[in-house]
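Have a look at the structure below before the remarks.
Numbering (the numbering used here), first residue to last: 24 to 326.
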């Protein structure tokens with residue numbers, strides 16, 4: 024057994040201290056958002072909220088969750104995320120498996136065109152015109168189909184199939200009578216579980232956080248995803264705070280408690296909105312973390 028030298032131990036201690044500090048720097052902002060969402064805004068503004076909530080209350084969460092639009096937005100976002108991620112995975116993995124075969128006619132030309140789209144695109148206005156002409160405005164398909172496949176993710180999965188699944192294994196299955204579809208479903212896809220989980224996380228988080236597409240393609244409030252609904256809440260409350268602050272003298276004459284209540288509600292709600300929007304993703308990530316790390320390594324370094 025090789026014993027660590029004094030230099031090795033010092034190096035390990037220094038690494039541990041540095042990593043601990045980095046972890047605290049990364050974790051503290053999230054922790055602060057949590058405690059600030061249940062604290063009084065006056066305490067936050069005065070710097071008294073550091074490690075524990077001050078003036079504990081859940082009014083901001085109650086105000087956010089009382090909106091029926093929030094639950095409607097949650098439903099729309101869940102549908103968009105499930106449908107979009109399923110379509111993304113189906114197209115990405117089938118396309119990557121086909122492009123990983125050198126015997127595919129025109130494979131090099133297809134890869135050249137796919138790579139070309141990573142550097143050049145039609146732009147916002149042509150994309151908007153295309154989506155409108157296809158009749159997808161004010162539908163969930165406007166949130167899903169324009170980004171159905173990521174060229175970068177497609178290349179990652181293709182590299183995974185080329186470098187990590189032995190060609191002899193696939194050939195043996197074909198000798199036993201399997202066609203390409205059966206080989207893909209029974210052998211290639213089960214062996215790509217780490218990459219599948221990684222891509223599901225990438226695509227799922229992307230759909231969950233979709234906001235700009237909803238802003239330009241959706242005008243029907245019933246179709247709004249969660250991020251668009253939360254944006255509206257923040258804008259409404261920010262405008263209300265500014266209007267009240269601009270008429271401070273009038274507000275104070277009517278009662279300073281009303282002014283304080285509106286300011287407090289608007290500011291603490293910003294933190295509550297972050298928690299409401301991020302909680303589902305934060306709950307799912309720990310279950311996919313080990314697949315995520317493995318999938319990223321085998322899909323990029325060996326490519």
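Built from N, CA and C at the ideal position, the CB exists for glycine as well.
In this structure, residue 115 lies near residue 180, with their beta-carbon atoms less than 7 Å apart. Distances from the alpha-carbon of residue 246 to those of 108, 103, 310 put 103 closest. By the neighbour-count criterion, in which a residue is buried when 16 or more other Cβ atoms sit within 10 angstroms of its Cβ, residue 299 is buried. In this structure, the straight-line span from the alpha carbon of residue 61 to that of residue 209 is close to 50 Å. Of the other Cβ atoms in all chains shown, 16 or more fall within 10 Å of the Cβ of residue 178; this residue is therefore buried. Beta-carbon to beta-carbon, residue 87 and residue 296 are separated by about 6 Å, close enough to satisfy the 8 Å threshold. Spatial neighbours of residue 173 in its own chain (CB-CB distance under 8 Å, excluding positions within 5 residues in sequence) are listed in chain order as 111, 115, 225, 226. In this structure residue 120 touches residue 184 by the C-beta definition: roughly 6 Å separates them, less than 8 Å. Below 8 Å, too few C-beta pairs join the segment 62–82 and the segment 142–150 to call them touching: fewer than three. Assigned with DSSP and collapsed to three states, residue 171 falls in coil, not helix or strand. When DSSP states are grouped into helix, strand and coil, residue 231 belongs to the helix group. Per DSSP, the unbroken alpha helix (DSSP H) holding residue 117 starts and ends at 91–122.
Between the segment 151–158 and the segment 191–204, the count of C-beta pairs closer than 8 Å stays below three; the two stretches do not touch. When the beta-carbon positions are compared, residue 108 and residue 223 come within less than 7 Å of each other. Pairwise C-beta distances place the segment 87–98 in contact with the segment 235–253, as three or more of them are shorter than 8 Å.
Under the three-state reduction of DSSP output, residue 164 falls in the helix class. In the structure shown, residue 82 falls within a helical segment according to DSSP collapsed to helix, strand and coil. In this structure, residue 163 and residue 106 form a Cβ contact; the two beta carbons are roughly 7 Å apart against a cut-off of 8 Å. In the DSSP annotation of this structure, residue 125 is not part of any alpha helix (DSSP H), being labelled neither H nor E.
Each of 165, 140, 302 was checked against the Cα of residue 239, and the nearest Cα belongs to 165. Annotation: residue 157 to residue 237 spans about 16 Å, alpha carbon to alpha carbon. Your pair residue 188 and residue 220 does not check out as a contact, with CB atoms roughly 16 Å apart and the cut at 8 Å. Annotated three-state conformation of residue 209 is helix, per DSSP.
Residues 250, 251, 254 of the same chain have their beta carbon placed closer than 7 Å to that of residue 234, with the five preceding and five following residues left out of the count. Nearest Cα to residue 113 within the set 215, 293, 231: 215. The Cβ-Cβ distance between residue 73 and residue 59 does not fall below 7 Å. Assigned with DSSP and collapsed to three states, residue 26 falls in coil, not helix or strand. Here residue 56 really is in contact with residue 294; their C-beta atoms are around 5 Å apart, less than 8 Å.
Residue state for residue 244 is assigned as helix, using DSSP reduced to three classes. The DSSP-derived three-state label of residue 201 is coil.
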